[in-house]
DNA sequence: CAAAGTTGGAAACAATTGTTTGAATATGGC
DNA sequence: GCCATATTCAAACAATTGTTTCCAACTTTG
């Protein structure tokens, strides 16, 4: 499409407004007026509002997948040498590190997380489809590694637990501002994102390694 | 406001559409045409779209808070007799049971959960404020009981962990349809809501009882 | 039965939405 | 210099939004 200043001004403004208010609640006029560009610029450079939304995501997810693939490459290479399986903690740790790393440059982890949360919760069917098609492969690679790291878990159980912890992370980090306000007000304790990740670690690990649920419906367990 | 058939037809239709597509993405014309009532009926009976949204929530949350208070009363009374503290599992169990119980009549747990998820994720400031003001007290009562059940947890840690598991539950149950599709397709296994709650139980308990995170910088031991 | 008040309905309201148009301006290659 | 292309801009577009108006139909009540 195009490269220069207008495009990034639009993207910078759009991602903030989207994160603050959602997609449907943010009009193109909101974006263009705040970005000080002409209204038609969005349709000119991106084609449509849908395409703009996808472009906002691509600017985060493209570098993320690149780095995450690289990090997994390195992790696999290291463990291929000493012949050991990659432990679950290391996988989770790697993912967390990559997630923290990518938006660090623009100091916008909060925006990134909020966008991810919106992608799941807003109806926007096209978005989920886009993300699935464009970035599904890296997620599949990760889950396959998790599978090898947790051979004791039935496949279905692991599937659900991964989504359980995904929910924890996205919910917490995407609602971070509101929660942080409450926490600071109630406990007079400032929480940084790194702080939260530190708190999340043992919880997520314990969640993944929780005992298996009792088998369904039958009154009699062994 | 009013009582008869039109009002409930609007509410029934609105909650389904809201759950499917979000608030901003659902127009009053969508609702009224599908409910086969006149467009003006919404503003006549509820006053505004905002008020309709709140009414949809109230229809779930009012009975929920009533029953939850009652269930907690009973739980407290039972444990006051034998002098023991209420264990965490029982608290979580009670909440889960109440959540499952309330919408069971209309077979709309999915809708209920999806609405809760939207309430958190959609910007809709008025909604969060409304829910907080209207139903904050029952949540505070619950957290106080959780506090007594987990005296080993620092207050801030407990606060965060409660929101961690809240995220798990809301995220999972509100995105249930999509996740269920994937799960059935990949593992040929049908998952009911009760099934999911069964899977959630050990995960949530383990998450709450996870070891404390290490203070800001140190190595880890299992 | 008739008056009063409540509910239902078609139409119009003003505001806002995403998108398109066509002319003006800047930019870059020759 | 000039031409072609790329970008910006103001204006208008058609569609949709929540809300209001005014009148008909109904139910209740005296």
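Residue numbers (the numbering used here), protein chains in the order written: chain A, 354 to 575; chain B, 354 to 575. Glycine included, each C-beta is placed from N, C-alpha and C at the ideal position.
Cβ-based neighbour list, residue i, same chain, cut-off 7 Å, excluding 5 preceding and 5 following
i, result
"residue 390 of chain A", "359, 362, 363"
"residue 385 of chain B", "391, 392, 394, 395"
"residue 383 of chain B", "370"
Neighbour list for residue i in chain B, Cβ cutoff strictly below 9 Å
i, result
"residue 514 of chain A", "552, 556"
"residue 449 of chain A", "What residue 449 of chain A touches in chain B: nothing, since even the nearest Cβ is about 13 Å away."
Where residue i falls: helix, strand or coil (DSSP)
i, result
"residue 435 of chain A", "coil"
"residue 380 of chain B", "coil"
"residue 563 of chain A", "coil"
"residue 456 of chain A", "helix"
"residue 461 of chain A", "coil"
"residue 555 of chain B", "helix"
"residue 474 of chain A", "helix"
"residue 370 of chain B", "helix"
"residue 542 of chain B", "coil"
"residue 416 of chain A", "helix"
"residue 503 of chain B", "coil"
"residue 528 of chain B", "coil"
"residue 489 of chain A", "helix"
"residue 375 of chain A", "coil"
Residues that residue i contacts on chain A, provided the C-beta gap is smaller than 8 Å
i, result
"residue 461 of chain B", "Result: empty, since nearest Cβ-Cβ is about 18 Å, beyond 8 Å."
"residue 495 of chain B", "Chain A residues near residue 495 of chain B: none, gap ~15 Å exceeds 8 Å."
"residue 563 of chain B", "555, 556, 558, 559, 560"
"residue 489 of chain B", "Going along chain A, no residue has its Cβ under 8 Å from residue 489 of chain B, so there is no contact; the nearest lies around 11 Å."
Neighbour list for residue i in chain B, Cβ cutoff strictly below 8 Å
i, result
"residue 471 of chain A", "474"
Neighbourhood of residue i by C-beta distance below 6 Å, restricted to the same chain and skipping five residues each side
i, result
"residue 466 of chain B", "526, 527"
"residue 368 of chain B", "409, 464"
"residue 578 of chain B", "Outside the shown range of chain B (354 to 575) lies residue 578 of chain B, about which nothing can therefore be said."
"residue 569 of chain B", "none"
8 Å Cβ shell around residue i - same chain, five flanking residues per side excluded
i, result
"residue 416 of chain A", "455"
"residue 444 of chain B", "428, 495, 498, 499, 502"
"residue 352 of chain B", "Within the shown structure, residues of chain B are numbered from 354 to 575, placing residue 352 of chain B beyond reach of any answer."
"residue 549 of chain B", "525, 526, 529"
Residues that residue i contacts on chain B, provided the C-beta gap is smaller than 7 Å
i, result
"residue 525 of chain A", "516, 517, 520"
"residue 566 of chain A", "551, 552, 554, 555"
"residue 528 of chain A", "473"
Integer Cβ distance of residue i from residue j, believed to fall under 8 Å
i, j, result
"residue 512 of chain A", "residue 536 of chain B", "6 Å"
"residue 462 of chain B", "residue 447 of chain B", "Actually they are not in contact, since the Cβ atoms of residue 462 of chain B and residue 447 of chain B sit about 17 Å apart, beyond 8 Å."
"residue 509 of chain B", "residue 542 of chain A", "5 Å"
"residue 399 of chain A", "residue 468 of chain A", "Not really, about 16 Å apart at Cβ, beyond 8 Å."
"residue 470 of chain A", "residue 524 of chain A", "7 Å"
"residue 483 of chain A", "residue 562 of chain A", "That pair is no contact at about 34 Å."
"residue 520 of chain A", "residue 521 of chain B", "5 Å"
"residue 566 of chain B", "residue 554 of chain A", "6 Å"
"residue 516 of chain B", "residue 532 of chain A", "6 Å"
"residue 491 of chain B", "residue 560 of chain B", "In fact, because the Cβ distance is near 22 Å, the residues do not count as touching under 8 Å."
"residue 388 of chain A", "residue 418 of chain A", "Rounded, the Cβ-Cβ distance is 27 Å, inconsistent with contact."
"residue 514 of chain B", "residue 556 of chain A", "6 Å"
Chain-ordered neighbours of residue i on chain A, where CB pairs are closer than 7 Å
i, result
"residue 509 of chain B", "536, 540, 542"
"residue 548 of chain B", "569"
beta-carbon residue i near the ligand HEM non-hydrogen atom, thresh 7 Å
i, result
"residue 435 of chain A", "You won't find the ligand HEM in this model; it holds no ligand whatsoever."
Under 9 Å by beta carbon: chain A residues contacting residue i
i, result
"residue 532 of chain B", "512, 513, 516"
Every unbroken beta strand (DSSP E) within the region 383–410 of chain B, with a cutoff of 3 residues, ordered by chain: none
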